[in-house]
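Using this note's numbering, the final residue of the sequence shown is 260, and nothing's skipped along the way.
Glycine included, C-beta positions come from ideal geometry on N, C-alpha and C.
Below is one structure, written out as structure tokens, with a few remarks after it.
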Amino acid sequence: MHSSWDSRSTPLYGATIALVTVLVLGCAGDEAPGRNAARPRSDAPRAASPAIVFLGTSLTAGYGLERDQAFPQLIQSKIDSAGLGYRVANAGVSGETSAGARRRVDWVLRQPVGILVIETGANDGLRGQDPRQLAANIQAIIDRAREHDPPPMIILLGMEAPPNLGRDYTRRFRVVYRELAERNGVILVPFLLDGVAGVDSLNQPDGIHPTARGQEIIAGTVWRVLEPLLGRGGAGGK
Numbered sequence: 023m024h025s026s027w028d029s030r031s032t033p034l035y036g037a038t039i040a041l042v043t044v045l046v047l048g049c050a051g052d053e054a055p056g057r058n059a060a061r062p063r064s065d066a067p068r069a070a071s072p073a074i075v076f077l078g079t080s081l082t083a084g085y086g087l088e089r090d091q092a093f094p095q096l097i098q099s100k101i102d103s104a105g106l107g108y109r110v111a112n113a114g115v116s117g118e119t120s121a122g123a124r125r126r127v128d129w130v131l132r133q134p135v136g137i138l139v140i141e142t143g144a145n146d147g148l149r150g151q152d153p154r155q156l157a158a159n160i161q162a163i164i165d166r167a168r169e170h171d172p173p174p175m176i177i178l179l180g181m182e183a184p185p186n187l188g189r190d191y192t193r194r195f196r197v198v199y200r201e202l203a204e205r206n207g208v209i210l211v212p213f214l215l216d217g218v219a220g221v222d223s224l225n226q227p228d229g230i231h232p233t234a235r236g237q238e239i240i241a242g243t244v245w246r247v248l249e250p251l252l253g254r255g256g257a258g259g260k
């Protein structure tokens, strides 16, 4: 199946058939995580290092790929190559909505977290859920994270909604991320799939989940924002 993203215009989800495919592949995520929906993963030798936790969906979990091909693991490799003392925990769950991430955040934050990277909302958009509820769920995640002492630095990864739900919906969906970032003073990556969405060769046959090469591009997008922060130690509540 060709990609359902239109790379010639604003990068958004396209054909309805691709949306149905993704829902079938990931719909069990909120209740029964699949093989890529593991609990936060990190290697034992790095246990004493500050944690960068990626709270996310199948895009973070690396759906359809090996564990070390998911972008959080690729970022761990960049951290190691740079000699930086951080460990990555991949808390991606396939099919999860922002409501599921909200329910999970306390469990994810049981370990000390220096930086929390929030990737959620793609499945909310696929299911046509109210953007106001998406905003409320992400706000609750940010609030819970900031109750920790010290609070982690927070990075919010933006997502786009499927255009078949109408221009008003896609606009309201997109604005959620920008407004939350501005209101809370958190760092925003405007669109996680920038440079990947709409490129057939960078997506798996479902037209949605990135290939290993697509994950490499995503890792580069996140790394450009993350790398300058690592010297700060992840403190300060941003």
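For residue 75, which of helix, strand or coil comes out of DSSP?
-> Here residue 75 is taken as the residue at index 53 of the sequence shown, counted from 1. Three-state DSSP puts residue 75 in a strand.
For residue 208, the three-state DSSP class (helix, strand or coil) = If you number the sequence shown from 1, residue 208 lands on position 186. Correct three-state label for residue 208: coil.
Unbroken alpha helix (DSSP H) runs of length 4 or more, entirely within the region 139-190: which are they?
-> 144-148, 153-168
Does the beta-carbon distance from residue 139 to residue 101 come in below 9 Å?
-> Within the sequence shown, residue 139 is the residue found at index 117, counting from 1. Within the sequence shown, residue 101 is the residue found at index 79, counting from 1. Not closer than 9 Å, so no.
Pick helix, strand or coil for residue 137, following the three-state DSSP scheme.
-> Position 115 of the sequence shown, counting from 1, holds the residue named residue 137. Residue 137: strand per DSSP, three-state reduction.
Give the C-beta separation of residue 240 and residue 93 to the nearest angstrom, bearing in mind that I take them to be a contact with Cβ-Cβ under 8 Å.
-> Here the question's residue 240 lines up with position 218 in the sequence shown. Here the question's residue 93 lines up with position 71 in the sequence shown. Going by Cβ atoms, the distance from residue 240 to residue 93 rounds to 4 Å, so yes, they are a contact pair.
Taking only the alpha-carbon atoms, compute the straight-line gap between residue 187 and residue 181 and give it to the nearest angstrom.
-> Taking the first residue of the sequence shown as position 1, residue 187 is located at position 165. Taking the first residue of the sequence shown as position 1, residue 181 is located at position 159. Rounded to the nearest angstrom, the two C-alpha atoms are 15 Å apart.
In angstroms, rounded to a whole number, what distance separates the CA positions of residue 161 and residue 152?
-> Taking the first residue of the sequence shown as position 1, residue 161 is located at position 139. Taking the first residue of the sequence shown as position 1, residue 152 is located at position 130. Cα to Cα, the separation comes out at about 14 Å.
Can you check DSSP and say which residues form a bridge with residue 125?
-> Locating residue 125 in the sequence shown gives position 103, where the first residue counts as 1. Its beta-bridge partners do not exist; DSSP assigns none.
Through-space distance from residue 184 to residue 147, alpha-carbon basis | Here residue 147 refers to the residue found at position 125 of the sequence shown. Here residue 184 refers to the residue found at position 162 of the sequence shown. Their Cα atoms are separated by approximately 6 Å.
Alpha carbon of residue 95 to alpha carbon of residue 192, nearest angstrom | Position 73 of the sequence shown, counting from 1, holds the residue named residue 95. Position 170 of the sequence shown, counting from 1, holds the residue named residue 192. So the alpha carbons of these two residues sit roughly 30 Å apart.
Go to residue 89, then tell me how far its beta strand (DSSP E) extends in each direction, as first and last residue.
-> For this step, residue 89 is matched to residue 67 along the sequence shown. Premise fails: residue 89 is in no beta strand (DSSP E) and is neither H nor E.
Is residue 130 helix, strand or coil when you go by DSSP?
-> Taking the first residue of the sequence shown as 1, we reach residue 130 at position 108. In this structure, residue 130 counts as helix in the three-state DSSP scheme.
Would you identify the three-state DSSP class for residue 1, choosing helix, strand or coil?
-> Outside the displayed span of the chain (23 to 260) sits residue 1, for which this structure offers no information.
Backbone CA spacing between residue 201 and residue 195 [nearest angstrom] | One-based indexing of the sequence shown puts residue 201 at position 179. One-based indexing of the sequence shown puts residue 195 at position 173. Each residue's alpha carbon lies about 11 Å from the other.
Figure out for me which residue from 228, 220, 170 has the closest Cα to the Cα of residue 80.
-> Taking the first residue of the sequence shown as 1, we reach residue 80 at position 58. Taking only the C-alpha atoms, the option nearest residue 80 is 228.
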